[in-house]
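Have a look at the structure below before the remarks.
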Amino acid sequence: MLAANPGKTPISLLQEYGTRIGKTPGYDLLKAEGQAHQPNFTFRVTVGDISCTGGTQGLS
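Start counting the sequence shown at 0; every next residue gets the next number (numbering that gives the first Met the number 0).
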């Protein structure tokens, strides 16, 4: 289980977890949409046999 750690992003915690179990996370951009100044992205992350999909809002 990953514990919350101030100062570390969820992505850095996931990378550390993957390193610890010997399976580097893989990231796939599934969709990018929205206006250029406020895009929305959907990603799939895979660690070993586990895949999850989530979205984020970015700034250009």
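Just so it is clear, CB atoms sit at the ideal spot from N, CA and C, and this is done for glycine as well.
Just so you know, these numbers come straight off a predicted model, no measurement behind them.
Contact set for Lys-30: own chain, Cβ-Cβ below 6 Å, skip 5 residues either direction:
So the qualifying residues of the chain are Thr-41.
Is the Cβ-Cβ distance between Thr-45 and Gly-25 less than 9 Å?
In this structure, the beta-carbon distance from Thr-45 to Gly-25 falls below 9 Å.
Of all the CB atoms in chain B, is at least one closer than 9 Å to the CB of Gly-6?
The structure shown has no chain B; it contains just one protein chain.
Leaving out the 5 sequence neighbours to the left and right, which residues in its chain are closer than 7 Å to Lys-22 when beta-carbon positions are compared?
Val-46, Gly-47
For Pro-38, the three-state DSSP class (helix, strand or coil)
strand
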